[in-house]
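Residue numbers (our numbering), protein chains in the order written: chain A, 906 to 1210; chain B, 906 to 1210.
C-beta atoms are modelled at their ideal positions from N, C-alpha and C, and glycine is treated no differently.
Fair warning: this is a prediction, and the values are worked out from it, not measured in the lab.
2 protein chains.
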Amino acid sequence: MAKKTTVSVVGCGLIGASWAALFLRAGHDVRAWDPDPQSLGGFRDRVATPLAQLEQIGASTAAQGVLHLSADLADALEGARLVQENAPENVPLKQDLYARIEALVAQDVIIASSTSAHPWSHLSVGMKHPDRLITAHPFNPPHLVPLVEIFGTDDAVVAWAEAFYSGIGSAPVTLKKEAVGHIANRLASALWREAVHIVAEGIADVDAVDKALVNGPGLRWSVLGAHMAYHLGGGAGGMAGYLDHLGASQEKRWASLGNPSLTPDVREKLVNGVMAEAAGRSIAELEAERDAALIALAKQRLKSD
Amino acid sequence: MAKKTTVSVVGCGLIGASWAALFLRAGHDVRAWDPDPQSLGGFRDRVATPLAQLEQIGASTAAQGVLHLSADLADALEGARLVQENAPENVPLKQDLYARIEALVAQDVIIASSTSAHPWSHLSVGMKHPDRLITAHPFNPPHLVPLVEIFGTDDAVVAWAEAFYSGIGSAPVTLKKEAVGHIANRLASALWREAVHIVAEGIADVDAVDKALVNGPGLRWSVLGAHMAYHLGGGAGGMAGYLDHLGASQEKRWASLGNPSLTPDVREKLVNGVMAEAAGRSIAELEAERDAALIALAKQRLKSD
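Structure follows, in structure tokens:
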């Protein structure tokens, strides 16, 4: 169990709730703030679901931290070592928020942005101490998917963040250079482009593509990375052998991949296809199924640790 | 438990061994043939490992089928309803094999090629009854990853194959139109292109990319397809809402994805990176770790069925 820390959660939507549940479950105290009284008012309820799911997994032996809600930013920042910012994806809004936070906290307080859309170099503009800012992007739903993608410019700040997120059971991955979409959303976008192409070209329907992914590469990528898969695909020669024998045909394959546009026709195929796959299940029901499956996997991971 | 069937396994390498284990474990009899006496001679041993792994999962209640090895093709085809062909990825060689098989079997015998590289339309050239040929591509390692990608031109043949592969615990996915790389390898290739780009550009190291995938999108894709993920990403509006609000930014993201070449410099980064990730573990050790993780997941799946 890591040292008990106080974390400010700034922005009380679903991502903020997921983060708060992870922090509390690991024994950290959380001080939450949102400019919208309604968001703030509903926060304790929104935290309850992910918290119950984490309890179902049974991960922590720490005494649960205390959740404090505050409509006053200064009060919400009191004693915090880390500020997890989950404001809307609006750069000026975030920059303004950082300025307000910087005016209220000590110099060693770290600000971590959950942003999926904006790079560090845009967000940090105008900060008094930009080195205290990191991007720390979780993957949805954050309390059930361990990945946190980190980028920052101060090695000590990044090292502290890596240790902190590891301590709450997450899997931090640090980028050497910032990139729009970090790693995971770039990979997801690249895969989806081809998945859309396959549907657009009439090779397979939406549900067939999803079934192939879930029962094939997706399953394998949950235990083995893409690079490592090609290392094993190279036989005794590993990655070097793979590249020697099949590098050229892989480049040929890349050249043959699709480059679809989201035309009205493609849009219709995707919407109808996903409705057929959902087979009457609502978004909430589909999310509950996803969460149940991820919870089962998290239990499994915990058991094999 | 499906009806007991006799399956000829033609080509006794690792893929053939994996198939044989699945067939035997489901209670089917297997008659195996390979032109190379050494391959044939070692086959019983090569089948033992996947068979033991399937027993570890505990999937079947059927009495295990009988494995018969034969150096005589006619004998190996005796009584078979399905021929699973796992010959080298060489079109003329496969075509020659199909001609020999067709001369020996009744008209209703189905030939299923495990090919990952060649489309049905190339393989079927010159066949007397091309409609009996399907491609049935497994995903490595076939006995631990359920996906089988099917393409054929005769609906009844395809329906029989879907039922048969479902019956052995696999997850058949049928393509409406053939495509080089079927679905899964096209998706894997698209993802890997971006994974290579991220390494080539110095955004993250090989092991960081793999860690991000395994703990992020890979984990989620093991329970939720890529199309369905965007449906859930659209909130209450689902896929339609997603495309309305974020379709344009997704197209912009696609335009920003990388298009790497496997230059000597990139090659060196990949080889060194994967060696660092392997951290001294041999290919065999890495495969054993992969298999252990996939076995744990298969047990988990079985439990939640």
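Please list, in chain order, the chain B residues whose beta carbon lies closer than 8 Å to that of residue i.
{"i": "L1019/A", "result": "Before going on, a small fix: residue 1019/A reads as Ser here, not Leu. By Cβ distance, chain B contributes nothing, its closest Cβ being about 14 Å from S1019/A, past 8 Å."}
{"i": "Q1155/A", "result": "S1094, W1097 and L1167"}
{"i": "V912/A", "result": "Within 8 Å Cβ-Cβ: nothing; V912/A doesn't reach chain B, min ~21 Å."}
{"i": "Q1205/A", "result": "A1201, L1202 and Q1205"}
{"i": "A1089/A", "result": "A1117, L1118, G1121 and P1122"}
{"i": "L1009/A", "result": "None at all; the shortest Cβ gap to chain B is about 32 Å."}
{"i": "L972/A", "result": "Here the premise fails: no neighbours, minimum Cβ distance about 25 Å."}
Mind reading off the beta-carbon distance from residue i to residue j? Whole number of angstroms is fine, and I expect it under 8 Å.
{"i": "G1057/A", "j": "I1039/A", "result": "4 Å"}
{"i": "V915/A", "j": "E990/A", "result": "5 Å"}
{"i": "A1095/A", "j": "L1162/B", "result": "5 Å"}
{"i": "I1055/A", "j": "L1080/A", "result": "7 Å"}
{"i": "L929/B", "j": "G970/B", "result": "4 Å"}
{"i": "L1118/B", "j": "A926/A", "result": "24 Å between Cβ atoms; not a contact."}
{"i": "L974/A", "j": "R951/A", "result": "Incorrect: roughly 11 Å between the Cβ atoms, too far for contact."}
{"i": "A1062/B", "j": "I1015/B", "result": "Sequence check: residue 1062/B is Val here, not Ala. At roughly 6 Å, the Cβ-Cβ gap stays under 8 Å, so V1062/B and I1015/B are in contact."}
How long is the line joining the alpha carbons of residue i and residue j, rounded to whole angstroms?
{"i": "G963/A", "j": "K908/A", "result": "20 Å"}
{"i": "K1204/B", "j": "A1201/A", "result": "11 Å"}
{"i": "N1164/B", "j": "V1101/B", "result": "9 Å"}
{"i": "I1103/A", "j": "V1176/A", "result": "15 Å"}
{"i": "L1207/B", "j": "L978/A", "result": "49 Å"}
{"i": "M906/A", "j": "A1017/A", "result": "Note that M906/A scores a pLDDT of 48, beneath 50, so its modelled location is shaky; the value from the coordinates is reported in the next line. For M906/A and A1017/A, the distance between alpha carbons rounds to 21 Å."}
{"i": "G1143/B", "j": "T1168/A", "result": "17 Å"}
{"i": "G1121/A", "j": "P940/A", "result": "44 Å"}
{"i": "A976/B", "j": "P942/B", "result": "7 Å"}
{"i": "W924/B", "j": "A1066/B", "result": "14 Å"}
{"i": "Y1003/A", "j": "V996/A", "result": "11 Å"}
{"i": "S1026/B", "j": "Q958/A", "result": "50 Å"}
{"i": "A1198/A", "j": "V1128/B", "result": "6 Å"}
{"i": "G1123/B", "j": "K1033/B", "result": "43 Å"}
{"i": "R1125/B", "j": "S1075/A", "result": "15 Å"}
{"i": "I1006/A", "j": "D980/A", "result": "11 Å"}
{"i": "L1049/A", "j": "D1196/A", "result": "7 Å"}
{"i": "G947/A", "j": "L972/A", "result": "13 Å"}
{"i": "A1022/A", "j": "H1150/B", "result": "14 Å"}
{"i": "P1046/A", "j": "T911/B", "result": "46 Å"}
{"i": "A1189/A", "j": "V1010/A", "result": "39 Å"}
{"i": "E1099/B", "j": "A1068/A", "result": "28 Å"}
{"i": "R1091/B", "j": "R1158/A", "result": "8 Å"}
{"i": "A1113/A", "j": "P1024/B", "result": "18 Å"}
{"i": "G1139/B", "j": "L1148/B", "result": "8 Å"}
{"i": "A1153/A", "j": "E994/B", "result": "16 Å"}
Give the residues of chain A in contact with residue i, contact being defined as C-beta atoms less than 7 Å apart.
{"i": "L1214/B", "result": "What is shown of chain B runs 906 to 1210, which leaves residue 1214/B out entirely."}
{"i": "I1188/B", "result": "L1137, A1141 and G1143"}
{"i": "R1172/B", "result": "L1148"}
{"i": "L1080/B", "result": "I1108 and A1109"}
Indicate, with yes or no, if the ligand MG has a heavy atom lying under 6 Å from the CB of residue i.
{"i": "S975/A", "result": "Of the ligands one can find in the structure shown there are none, so the ligand MG has no counterpart to examine."}
Bridge partners for residue i per DSSP, in chain order?
{"i": "S1094/A", "result": "DSSP output for S1094/A lists no bridge partner at all."}
{"i": "H1150/A", "result": "Paired residues: none, contrary to the question."}
{"i": "F1056/A", "result": "T1040/A"}
{"i": "W938/A", "result": "V915/A and S975/A"}
{"i": "P1077/A", "result": "V1053/A"}
{"i": "Q989/A", "result": "V914/A and A1017/A"}
In chain A, which residues lie less than 8 Å from residue i when you measure between Cβ atoms?
{"i": "W1025/B", "result": "None at all; the shortest Cβ gap to chain A is about 13 Å."}
{"i": "G1178/B", "result": "H1132"}
{"i": "E1192/B", "result": "L1137"}
Residue i touches chain A at which residues, Cβ-Cβ below 9 Å?
{"i": "I1016/B", "result": "Here the premise fails: no neighbours, minimum Cβ distance about 22 Å."}
{"i": "S1209/B", "result": "A1197, A1198 and A1201"}
{"i": "A979/B", "result": "Neighbours of A979/B on chain A: none; closest Cβ ~32 Å, over 9 Å."}
{"i": "G1152/B", "result": "L1167 and R1172"}
Determine whether the Cβ of residue i lies closer than 7 Å to any Cβ atom of chain C.
{"i": "P1043/B", "result": "Looking at the structure shown, chain C is missing, and the protein chains on hand are A and B."}
Residues of chain B with CB under 9 Å from residue i, in chain order?
{"i": "E1182/A", "result": "G1130, H1132, M1133 and H1136"}
{"i": "S1029/A", "result": "Those do not exist, as S1029/A stays about 18 Å from chain B at its closest Cβ, beyond 9 Å."}
Residues of chain B with CB under 7 Å from residue i, in chain order?
{"i": "G1086/A", "result": "R1158"}
{"i": "S1161/A", "result": "V1085"}
- prompt: Given a limit of 9 Å on CB to CB distance, which residues of the stretch 1103-1116 of chain B reach chain A?
  reply: I1103, V1104, E1106, G1107, I1108, A1109, D1110, V1111, D1112, A1113, V1114, D1115 and K1116
task: Anything in the stretch 1035-1063 of chain A with a Cβ closer than 7 Å to a Cβ of chain B? List those residues in chain order, please.
output: F1044, V1050, P1051, L1052 and E1054
message: If the cut-off is 7 Å on Cβ atoms, which residues from the stretch 945-959 of chain A count as contacting chain B, listed in chain order?
response: none
message: So if I threshold CB-CB distances at 8 Å, which residues from the stretch 981-1004 of chain B count as touching chain A?
response: none
message: Closer than 9 Å between beta carbons: that is the criterion. Which residues of the stretch 914-936 of chain B meet it against chain A?
response: none
query: According to a CB-to-CB cut-off of less than 7 Å, which residues of the stretch 1066-1077 of chain A neighbour chain B?
result: A1076
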